[in-house]
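In the UniProt record's numbering, the protein residues as written are 1 to 555. For every residue, glycine included, the Cβ atom is placed at its ideal position computed from N, Cα and C. Okay, so here's the structure we're looking at.
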């Protein structure tokens, strides 16, 4: 422990007394990390020492709306620690608040990763969001006010829950935090404190300040990924502001749109896209390592900009697949802000997202990992390897051809992720298709699918209408109507019940003899194409190049 008498005095304090503390004022000489002159008193209901852009966003203490977290649900010890974090935050003791909020997040992480996600009490997700909010504020304040934090400043931070009320819960006695995929919580107290080392401001140390800001952005993203929205989704507003600060500080360092500590210059030829509003270098389209010949008899029909009535009568009501052409070419993502790998890195490179690792989600080696988009691009997209241009997908309707070779690179995939809720700047580049208005409500799930050549979505079905829209690259897609279900051998377990056991590229006809009877249609989806996939229509997807797709699921 740090031996701070004020910390000890907070133990066991009553809620009534805590309310009195909220309205107190403290002398400026007792507030750490606040770079103001000639200030006599600072109200403790407002966080000080933040950039003015953030100062406008951060709520006052009475406006925190903490009634969504109840002591009866989270326990007395956790609730006491939660209040101590708030006290330290509004006192301006950012070092101590950072330590306490890290302990808070570690314990909450355990709760979020125990049992099934759907069974987690929503209050724990609220708590994780608030913990992320408090920690983010501390990280930004320490960067702004040139506060240095090291592990020497914090003694045994993981004892914080235990010290509040003996015998309730003890972080000391908890096992190491792990997620459902057995990855350690990569935001543990010790690691995060060691990473947040902010030296005194100096031009030569702008890189370190950017690293501190990157840490705050990561904390925000973890709250967005694991928590539940509070205060009108305040984390989304904060991270947008932090990205602007990050960009400004990067430009000050003549970094020209590079993302701190996560990008490097790609060693390849580059070209310039005249339609790109940012006029940034754009990767040349990679060689097509897979050539797919579509049988005209099995080709999914194409239709250019049909009316709503035509689409509904001929396709939606009949649950018939169709490719709609020239319906999304007005998107900024396909016109004046045309998406490319570098554009995605520029706009969202510093954001933390879940990446699927492995050839497909049914594979034994499949796993997930959290990383920034820039790291994902560097590790799984901007990598050098040789393609075999003679490689083909042979006899997909039941033959033995396979596209896998010894040169196949490791596969990482940003799959089925609500990236546009997380990064509004990318959401501004796309529009919801007009055809979605034919649904019963406005509840439309928008997901991003971004990865290198070779990503696979095994044959599966979804319960909703789907518009799969191609923005970058090409994908091969095969569809089976719901009538073919008896021939597709769905898994029996509760998790993969909507996924076929058949590897359609290399089907085992001895094990799955009825698969030969299945009838399919197919296509290659190209930029600007939008494929309508009816509910419960089985679909298999393989990317033929670096690819970015957007799906719209609706009822």
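Selection from the options that minimises the alpha carbon distance to residue i
| i | options | result |
| --- | --- | --- |
| residue 438 | 312, 504, 529, 320 | 312 |
| residue 334 | 297, 428, 216 | 428 |
| residue 516 | 361, 524, 502 | 502 |
| residue 491 | 484, 144, 499 | 499 |
| residue 522 | 489, 506, 475 | 475 |
| residue 223 | 352, 53, 84, 416 | 352 |
| residue 377 | 422, 317, 346, 69 | 346 |
| residue 451 | 322, 71, 459, 357 | 357 |
| residue 486 | 60, 513, 332 | 513 |
| residue 458 | 471, 441, 543, 417 | 543 |
| residue 75 | 489, 100, 107, 90 | 107 |
| residue 497 | 461, 535, 99 | 461 |
| residue 54 | 124, 127, 133, 440 | 133 |
| residue 510 | 524, 489, 120, 219 | 489 |
| residue 371 | 212, 507, 473, 219 | 219 |
| residue 518 | 236, 479, 93, 423 | 479 |
| residue 210 | 244, 237, 231, 230 | 244 |
| residue 555 | 435, 520, 127 | 435 |
| residue 128 | 212, 112, 87 | 112 |
| residue 433 | 553, 61, 231, 123 | 553 |
| residue 246 | 349, 229, 293, 328 | 349 |
| residue 297 | 550, 520, 549 | 520 |
| residue 69 | 484, 230, 373, 327 | 230 |
| residue 367 | 110, 413, 232 | 413 |
| residue 88 | 226, 61, 237, 109 | 61 |
| residue 101 | 431, 125, 85 | 85 |
| residue 539 | 546, 315, 300 | 300 |
| residue 293 | 79, 477, 78 | 477 |
| residue 546 | 339, 362, 328, 332 | 339 |
| residue 327 | 126, 430, 145 | 430 |
Which residues DSSP lists as bridging residue i, in chain order
| i | result |
| --- | --- |
| residue 469 | 530, 550 |
| residue 475 | 525, 543 |
| residue 450 | 414, 548 |
| residue 363 | In DSSP, residue 363 forms no bridge with anything. |
| residue 299 | 522 |
| residue 480 | 520, 538 |
| residue 357 | 367, 412 |
| residue 445 | 553 |
| residue 324 | 303, 530 |
| residue 98 | DSSP output for residue 98 lists no bridge partner at all. |
| residue 73 | Answer is none; residue 73 lacks a bridge partner. |
| residue 500 | 490 |
| residue 456 | 542 |
| residue 219 | Residue 219 is not bridged to any residue. |
| residue 372 | 352 |
Assigned exposure category for residue i - 16 Cβ within 10 Å defines buried
| i | result |
| --- | --- |
| residue 140 | buried |
| residue 116 | exposed |
| residue 453 | buried |
| residue 375 | buried |
| residue 526 | exposed |
| residue 291 | exposed |
| residue 58 | buried |
| residue 360 | buried |
| residue 234 | buried |
| residue 559 | In the structure as shown, the chain begins at 1 and stops at 555. Residue 559 is therefore absent and cannot be evaluated. |
| residue 99 | buried |
| residue 274 | Since pLDDT at residue 274 reaches only 34, below the 50 mark, its modelled position is unreliable, and no value is offered. |
| residue 310 | exposed |
| residue 330 | exposed |
| residue 441 | exposed |
| residue 505 | buried |
| residue 495 | exposed |
| residue 400 | Any reading at residue 400 is ruled out, since the residue's pLDDT is 34, under 50, leaving its predicted position unreliable. |
| residue 114 | exposed |
| residue 251 | exposed |
| residue 121 | exposed |
| residue 424 | exposed |
| residue 118 | exposed |
Within 8 Å, strictly: CB atoms of residue i and residue j
| i | j | result |
| --- | --- | --- |
| residue 541 | residue 411 | no |
| residue 81 | residue 105 | no |
| residue 206 | residue 249 | yes |
| residue 382 | residue 341 | yes |
| residue 482 | residue 537 | yes |
| residue 417 | residue 354 | yes |
field: the stretch 297 to 315 in contact with the stretch 461 to 469 per 3-pair CB rule at 8 Å
entry: no
message: Contact between the stretch 529 to 536 and the stretch 441 to 459 is defined here as three or more beta-carbon pairs at a separation below 8 Å; is this criterion met?
response: The stretch 529 to 536 makes no contact with the stretch 441 to 459, as fewer than three CB pairs between them are under 8 Å.
field: Touching by the beta-carbon criterion (3+ pairs, under 8 Å), the stretch 48 to 63 and the stretch 125 to 145
entry: yes
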